[in-house]
Every structure is written in C-alpha cells, then in structure tokens.
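Presented below is the structure to which this report refers.
Residue numbers (our numbering): 1353 to 1596.
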C-alpha cells in the first residue's frame, strides 16, 4: 500500500515537468521566430538607408555640378559686361575726339576763308573807321547789350552767325596789336568793338563769334572739359577783363 502511494506522486510530478517543458519549447520557438523577423526588418531598413544615401549622393553631385556651371556662367557674364562697358567707353571717347576734330576743322576753314577775304578789304575797313566815328554808349545800355549777347550765345549756336554774313563783305577788324589773338582779353576787346559799332554791328559780331568759337575749342581740348564748361569759363574771365 505504501509503495503505491509513493509511485502515484512521482508520476504526477513527471507530468507537470513534461507540461512545463512543452511550454518552454513553444515559447523559445516563438522568440526565435521574432528574432528572425526583426533581423529581416533590420536588414530591409539598412538596405533602404543605403539606397537613400546613394540617391542623396547622386543628387548632391548634380547640385554641385549645377552650382559650378552657374558660377562659371556668372564669371563669363561679368567678364562680358566689363568688356562691353570698356568698349562703350572707347566708343564715347572716339566720338568726342571726332567731334573736337570736326569743330577744329570748321574753325580752321572759317579762319582761312576770313583771312583770304579780309586781305582785299583792309583799306575799306580803315576808311569806314574814319568816316564812322564811334559814339559813346551810356553805361546802362552797354550793360544791357552785354547781358543780351551772353544770353543769346547761351541759347543759340553762335557758330551759325558767320553763315548770315557773306564772306565777300567782311574786312578785317583791327584790334590792339599788343593783344594775343584767341586770348580772353582779345575776345573782350572784340566784344567792345562789336557792341559800339553802329552800321558795322553785324561785321563786328561775326569776328567776335569767330574768335569766341576758336577759344572754346582750344580750351576744351587743352583742359579736357566739356564745351559748355569752356563757355562758362570764358564768360567769367571776360567779365573780369571788362571790369578792369
């Protein structure tokens, strides 16, 4: 009886152990399956990361190439703009030089024509100086004439004045021998004579205009300044010479 009692408990314990063993085996298999699944997932994520990195590298390479191309184009564009600006400056200088040469040529031709015609009429001019004595002009009238002349020259092209007088009727205008032709005092004296000559007014204006234009061209060329600035300087200096 005692033997049977001992055998029965032992069998019960074995059944429990076997049951627990079966549970542990199933759990282990489940864990192993999860591990395999996780490894597979990790491998997939790594593969995707590598592919994304490759795509990013390709994209970055394209961007770097594009940036390099844009920088190259910018350099070329800047160089072309600089060359164009330099070319425009050279054209402007050539045009200005050509205009100055044209003005000098016009003045030279006008001076030559005047010298050729004036040699035939020196005696006539002297007779006119004797027969037509100069009459003094009141100071206020004189100043009004000065202002009117300066305003006229500023508003009109004074080179057109010689065209209104035929060169056949233009004798030489005597000016003090100690004054240098083309100087501002010389222009001021011509201005005075032109201002006070009565019947010879147009003739005197012609000679004043001719000398004035010569002085403008010379001053512009020597000092490399604009035509208008040269005229302004001559006006100011003439006023100083006339007030002495």
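The beta-carbon is built from N, C-alpha and C at its ideal position, and this holds for glycine as well.
Mind checking residue 1565: buried by the 16 CB within 10 Å criterion, or exposed? Reading the chain shown from its first residue, position 213 is the one you call residue 1565. With 16 or more Cβ atoms within 10 Å of its Cβ, residue 1565 is classed as buried.
Give me, in chain order, the residues of the same chain whose beta-carbon lies closer than 8 angstroms to that of residue 1379; leave out the 5 immediate sequence neighbours on both sides. Within the chain shown, numbered from 1, the residue matching residue 1379 stands at position 27. Contacts found: none.
At the level of alpha carbons, what is the spacing between residue 1416 and residue 1432? As a first step, residue 1416 is located in the chain shown; it is residue number 64 there, counting from the start. As a first step, residue 1432 is located in the chain shown; it is residue number 80 there, counting from the start. Roughly 24 angstroms separates the two Cα atoms.
For residue 1577, does the three-state DSSP call read helix, strand or coil? The residue labelled residue 1577 in the question sits at position 225 within the chain shown. Looking at residue 1577 - three-state DSSP - the assignment turns out to be coil, as it is neither helix nor strand.
Who are the Cβ neighbours of residue 1455 in its own chain at under 7 angstroms, not counting the five residues just before and after it? Locating residue 1455 in the chain shown gives position 103, where the first residue counts as 1. Once the five neighbours on either side are set aside, the close Cβ partners of residue 1455 are 1569.
What does a CB cutoff of less than 8 angstroms around residue 1575 pick up in its chain, not counting 5 residues either side in sequence? Here residue 1575 refers to the residue found at position 223 of the chain shown. For residue 1575, where only same-chain residues beyond five positions count, the Cβ hits under 8 angstroms are 1582.
Outcome for residue 1563 when other beta-carbon atoms lying within 10 angstroms are tallied against a minimum of 16: Here residue 1563 corresponds to residue number 211 of the chain shown, with the count starting at 1. Buried is the call here.
Could you tell me the distance, in whole angstroms, from the CA atom of residue 1573 to the CA atom of residue 1447? Translated into positions along the chain shown, residue 1573 becomes position 221. Translated into positions along the chain shown, residue 1447 becomes position 95. If I take the Cα positions, the gap works out to 14 angstroms.
Would you tell me roughly how many angstroms separate the C-alpha atoms of residue 1400 and residue 1429, rounded to the nearest one? Walking along the chain shown from the start, residue 1400 turns up at place 48. Walking along the chain shown from the start, residue 1429 turns up at place 77. Cα-Cα distance, rounded: 43 angstroms.
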